[in-house]
Amino acid sequence: MFKQIKYFQAVVRCKNFTEAAEECYISQSAISQQIQSLERELGVILLKREKRKFSLTPAGEFFYRKSLILTSDFDRICAETLQLANGVEHELTIGYLKYYRGKELQQAIVEFRNEYPEVALHIISGTHEELYESLRTGKADLVMSDLRRTPSNQYVNYFLTKGFFYAEIAAQNPLVQLKSITMEDLKNTPCIIISSREETSNEEQFYREYLGVKSDFLFADSLEEAHLMVVSGKGFMPIEFNQSDVTKDKVVRYIPILWESKQLYCQYYAFWRADAVKIYMEKFALLLKKYFPPELSNEDA
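Here the sequence shown is numbered in our numbering, starting from 1488 and rising by one per residue.
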């Protein structure tokens, strides 16, 4: 019955028997027969068929909703059973920066889970220094972070992309009329950065030295809090994008930050210990890099 339920879900999701059959790698007649068999076993009509169209009956709607919960629970039970049987080596802890806002990590996680369902993924976030400490102490297996120190031979340093700095500023601020901006222009506007209390001095030093921030700092615990501070007019937030990702927003604007007429950028890497015995770090890093724009995925970009 479980396979029949999967076929039923595919038909409802695709809203089409032909597409569902292709997705399930069986013929259209076969998937139709499987659903009819499911209906006979349940003793109810799930689909109301009208020529080439169909609609869910009230029983079908109820069964579809509950079946999604059932299959989700079943998939998780199978994955956890496999992990238990294979042992703790099939775990992978990924760390990412608190202020990271791209979709690449999400996309890599989805593909990795599909390709390696036996691996239990754990996700943590932190500042650059917190992620480095997690990697050093073994609390994280791989971290995606910016490059702030000379690469060490103790770690694999796998280049991912360049992130170009923009100033996120409230749309009502007169500064949004500028096509580009410098830290001299922003010297009277507080700089909002995301940091834990323990790391405020390290983060402040980085932004002073690397971006040349001249203004006072305001600290936020999360990206959402920092956005709200910007929107409320408390200051600007330095934020990195792949250039192709910058979009217009009704409540904020993103202005390129320049230093000596060139836009500031930072480099993003995937880091993991060179002596690590787990086999999945490089596999995950390759998937992660796959989702960054190809024109920015090398150090010559």
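No residue lacks a Cβ here, since even glycine has one placed at the ideal position from N, Cα and C.
Q.
Taking 7 angstroms as the cut-off, is the beta-carbon of residue 1648 closer than that to any non-hydrogen atom of the ligand ZN?
A. As for the ligand ZN, it is missing from this structure, which has no ligand bound.
Q | Cβ-based neighbour list, residue 1575, same chain, cut-off 6 angstroms, excluding 5 preceding and 5 following | A | In this predicted model, residue 1575 has a pLDDT of only 47, less than 50, meaning its place in the structure is not dependable; the value taken from the coordinates is given anyway. If we look at residue 1575 and ignore the five residues flanking it on each side, it has no Cβ neighbours.
Q. If you draw a straight line from the C-alpha of residue 1592 to the C-alpha of residue 1608, how long is it?
A. When only Cα atoms are considered, residue 1592 and residue 1608 end up about 12 angstroms apart.
Q) Which residue's Cα is closest to the Cα of residue 1647: 1538, 1564, 1728 and 1696? A) Here the closest residue by C-alpha is 1728.
**Q.** residue 1663 versus residue 1551: straight-line alpha-carbon distance, rounded
**A.** For residue 1663 and residue 1551, the distance between alpha carbons rounds to 49 angstroms.
Q | Closest by C-alpha distance to residue 1669, when choosing among 1659, 1614, 1759 and 1750 | A | Per the C-alpha coordinates, the member of 1659, 1614, 1759 and 1750 positioned closest to residue 1669 is 1750.
Q. Which whole-angstrom value is the C-beta distance of residue 1678 and residue 1700, which I expect to be below 8 angstroms?
A. Contact flag correct, Cβ pair sits at about 5 angstroms.
Q. Curious, which full-length beta strand (DSSP E) runs of at least 3 residues does the stretch 1527-1560 contain?
A. Contiguous beta strand (DSSP E) elements confined to the stretch 1527-1560 occur at 1534-1537 and 1540-1543, taking only those with 3 or more residues.
Q.
Going by DSSP, what residue range makes up the beta strand (DSSP E) through residue 1578?
A. Taken as a continuous stretch (DSSP letters only), the beta strand (DSSP E) holding residue 1578 covers 1578-1584.
**Q.** Residues sharing a beta bridge with residue 1678, DSSP
**A.** Answer is 1704 and 1723.
Q) How long is the line joining the alpha carbons of residue 1667 and residue 1616, rounded to whole angstroms? A) Answer to the nearest angstrom: the Cα atoms are 30 angstroms apart.
Q. Should residue 1582 and residue 1630 be called a contact, given that it needs their Cβ atoms to be closer than 8 angstroms?
A. Against a cut-off of 8 angstroms, the Cβ pair of residue 1630 and residue 1582 comes out as a contact.
Q | Best match in 1690, 1604 and 1718 for proximity to residue 1658 [C-alpha to C-alpha] | A | Of the candidates 1690, 1604 and 1718, the one whose C-alpha sits nearest the C-alpha of residue 1658 is 1718.
Q) Would you report the Cα separation of residue 1788 and residue 1488, rounded to the nearest angstrom? A) For residue 1788, the predicted model reports a pLDDT of 36, less than 50, meaning its position is unreliable and no value from the coordinates is stated.
Q: Kindly indicate which three-state DSSP category residue 1783 falls into: helix, strand or coil?
A: Residue confidence is low: residue 1783 scores 43 on pLDDT, short of 50, so the model does not pin down where it sits. Its coordinate-derived value is still stated next. Secondary structure of residue 1783 (DSSP, three-state): helix.
Q: Give me the Cβ distance between residue 1755 and residue 1650, rounded to the nearest whole Å; I'm assuming they're in contact under 8 angstroms.
A: Yes, residue 1755 and residue 1650 are in contact; Cβ-Cβ is about 6 angstroms, under 8 angstroms.
(Q) Taking 8 angstroms as the limit between beta carbons, can you name the residues of its chain near residue 1761, skipping five residues before and five after? (A) Around residue 1761: 1640, 1641, 1642 and 1643.
**Q.** Touching by the beta-carbon criterion (3+ pairs, under 8 angstroms), the stretch 1704-1715 and the stretch 1680-1690
**A.** In short, these stretches touch, since the Cβ pair count reaches three.
Q) Smallest Cα separation from residue 1676: which of 1686, 1655, 1696 and 1692? A) Nearest Cα to residue 1676 within the set 1686, 1655, 1696 and 1692: 1655.
Q.
Less than 8 angstroms between the C-beta atoms of residue 1775 and residue 1757, yes or no?
A. The criterion of a C-beta distance shorter than 8 angstroms is satisfied by residue 1775 and residue 1757.
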